[in-house]
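So for the sequence shown, the working numbering puts the first residue at 10; every next one is plus one. Don't be surprised by glycine CBs; every beta carbon is placed ideally from N, CA and C.
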Amino acid sequence: MFNGKNILITGGTGSFGKKYTEILLKKYKPNKIIIYSRDELKQYEMAQKFNDKCMRYFIGDVRDKDRLRKAMEDVDIVIHAAALKHVPVAEYNPMECIKTNINGAQNVIDNAIDLEVEKIIALSTDKAAAPINLYGATKLASDKLFIAANNLVGKRKTRFSVVRYGNVIGSRGSVVPFFAKLIKEGVKELPITHKDMTRFLITLEEGVNFVLKNFERMQGGEIFVPKIPSMKIVDLAKAMCPECKFKYIGIRPGEKMHEVMITKDDRCVEFDDHYVIKPTINFSFDADYSSNNIGEKGQELEYGFEYSSGSNDWWLSEEEFLKKAKEFI
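Below, the structure is given as structure tokens:
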């Protein structure tokens, strides 16, 4: 469905945008891939690697509605990946996080509707479910905006959905490159927040492929959640440095012991390899979320189901983790 299409990626110079571009160019023949981001150095560096004729690089910020509109003209598909993601930075600079993650999301929505973009998927995070930090709260607000946008489209074919997943192995600011840096420096003791802390883990390629698939599945209004494994942070550390000792430093402000992607109050449908969180509002179009646009059938789950990294029934072994994380270790 991406052949011949014009595709815009906000925050396109990030780790997700680069991997998404790599896979699009490898598997499909898009008419244009438009990279929209603020950092000219990252755009320059990305253009050295991805210089196909279909590539376009736009300097701009999602906060700038007019510039974003220019980049979005004649676009068929939008992946909204731009966000301020660093939890402590968001706590210290709350309005900057709000301007990008909430106001920027609304700018994407308004322009997509005005320009009649066909499909938009926004990237979310496990921190948006029952958030306890500002970053998570802004992403929850963003999720709500994108879902509610389906009520603003009128007779247009424009549809909005959200993809929510857990920690990406090796992404900037994540624990794997942090530990790898310490180990390379020769430390004999790794800092661990808590011996029982768990996280969902997904590779970048798995995340990108999940988003690609959901463009085919989406009807509009869904939050897609992949079934992915959990791991204790202490086991992750043991896998990376078996000879290292641990120093327990305590849970930091804004951090959870276990991450949640579906809360007990969400209404959701289970499919073979993913869940769909149903919207809490009705739309002007009909959508049966117990099935999707590629014919997959799901089962509605009973009230009270929770998808937490601590109670997950799929756990990553140390060997499996090392195989997934080998390029970052």
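Residue i, DSSP secondary structure in three states
i      : result
Tyr316 : strand
Val84  : coil
Thr109 : helix
Ile44  : strand
Leu199 : strand
Val96  : helix
Leu187 : The sequence given here has Phe at residue 187, not Leu. It is helical.
Met249 : helix
Lys79  : helix
Ala71  : The displayed chain sequence assigns Val, not Ala, to residue 71. Coil.
Ile242 : helix
Exposed unless 16 or more other CB atoms sit within 10 angstroms - verdict on residue i
i      : result
Gly182 : exposed
Thr147 : buried
Asn12  : exposed
Phe187 : exposed
Met81  : buried
Leu50  : exposed
Gly195 : exposed
Pro288 : buried
Tyr6   : Nothing about residue 6 can be read from this structure; the chain reaches only from 10 to 338.
Ile44  : buried
Ile286 : buried
Terminal residues of the beta strand (DSSP E) in which residue i lies
i      : result
Asn102 : From DSSP, Asn102 is part of no beta strand (DSSP E); its letter is neither H nor E.
Arg226 : No beta strand (DSSP E) holds Arg226; the alpha helix (DSSP H) holding it covers 213 to 226.
Leu17  : 15 to 19
Ile286 : 283 to 286
Arg65  : 64 to 68
Val234 : 232 to 235
Lys273 : From DSSP, Lys273 is part of no beta strand (DSSP E); its letter is neither H nor E.
Endpoints, the alpha helix (DSSP H) within which residue i is located
i      : result
Thr30  : 24 to 36
Asn1   : As displayed, the chain neither begins before 10 nor continues past 338, which places residue 1 out of reach and without an answer.
Tyr144 : 143 to 157
Lys58  : 49 to 58
Ala334 : 327 to 334
Beta-carbon proximity of residue i to residue j, cut-off 8 Å
i      : j      : result
Ile42  : Ile16  : yes
Tyr144 : Ala91  : no
Leu34  : Phe67  : no
Ile88  : Ser151 : no
Glu309 : Ser293 : no
Ile141 : Gly263 : yes
Thr202 : Ile258 : yes
Val171 : Ile122 : no
Ser180 : Phe209 : no
Asn120 : Leu77  : yes
Val269 : Ser317 : yes
Alpha carbon of residue i to alpha carbon of residue j, nearest angstrom
i      : j      : result
Cys63  : Pro200 : 45 Å
Gly21  : Leu132 : 12 Å
Thr30  : Lys38  : 11 Å
Thr212 : Val177 : 5 Å
Gly230 : Val217 : 20 Å
Asn301 : Lys236 : 17 Å
Asn159 : Ile86  : 15 Å
Leu28  : Glu214 : In the sequence as presented, Leu is not what sits at residue 28; that position holds Lys. Using only the alpha carbons, I get a separation of about 7 Å.
Cys329 : Asp205 : Correcting the residue identity first, residue 329 is Glu in this sequence and not Cys. Between Glu329 and Asp205, the C-alpha separation is close to 20 Å.
Arg165 : Lys222 : 23 Å
Ala139 : Ile192 : 34 Å
Residue-chain proximity (residue i, chain C), Cβ-Cβ < 8 Å
i      : result
Cys253 : Structure shown: chain C not included; a single protein chain is present.
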